[in-house]
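For what it's worth, our numbering labels the leading residue of the sequence shown as 205, then goes sequentially. Beta carbons: idealized from backbone N, C-alpha and C, even for Gly. From a predicted model like this one, the values you see are computed outputs, not experimental measurements.
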Amino acid sequence: PLSNCINSGIDTVGVLTQYQPLRLNTHIGIGIPWDLDRNVGGVSVLPPYERSTNSEWYTGTANAIYQNLEYMETYNPDYVL
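And the structure:
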């Protein structure tokens, strides 16, 4: 959960979603309840249909990560959960 990320010092979170994620998107919003509404970092919802180069659904966990490598490389993380 997002609260665990904040309590662990993780302040940049990308949430991979799939198949009609409206409820999850609405729940997360811009991250205010978790203090993730930031100008740098914060929370980003990463649905498969908003890619500029690929508009396909994720075909699995590895594919979801692959489709979001550019997002991850932007932040140069030590770990990806």
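Using C-beta distances below 6 angstroms, list every residue in its chain close to residue i, excluding the 5 sequence neighbours before and after it, in chain order.
| i | result |
| --- | --- |
| Gly235 | Asp241, Gly246, Val247 |
| Thr319 | Outside the modelled stretch of the chain, which goes from 205 to 285, sits residue 319, for which no answer is possible. |
| Tyr262 | Gln222, Pro252, Ala268 |
Nearest to residue i by CA position, among the options, is which residue?
| i | options | result |
| --- | --- | --- |
| Met276 | Gly218, Pro252, Asn211, Asn208 | Gly218 |
| Leu220 | Thr265, Asn229, Leu250 | Leu250 |
| Leu228 | Gly264, Ala266, Leu206 | Leu206 |
Less than 8 angstroms between C-beta atoms, sequence neighbours within five positions excluded: which residues of the same chain meet that for residue i?
| i | result |
| --- | --- |
| Val284 | Ile269, Met276 |
Is residue i near the ligand PLP, in the sense that its beta carbon is under 7 angstroms from a heavy atom of that ligand?
| i | result |
| --- | --- |
| Ala266 | The ligand PLP is not part of the structure shown, which contains no ligands of any sort. |
Buried or exposed for residue i, going by 16 or more other Cβ atoms inside 10 Å?
| i | result |
| --- | --- |
| Asn211 | exposed |
| Asn272 | buried |
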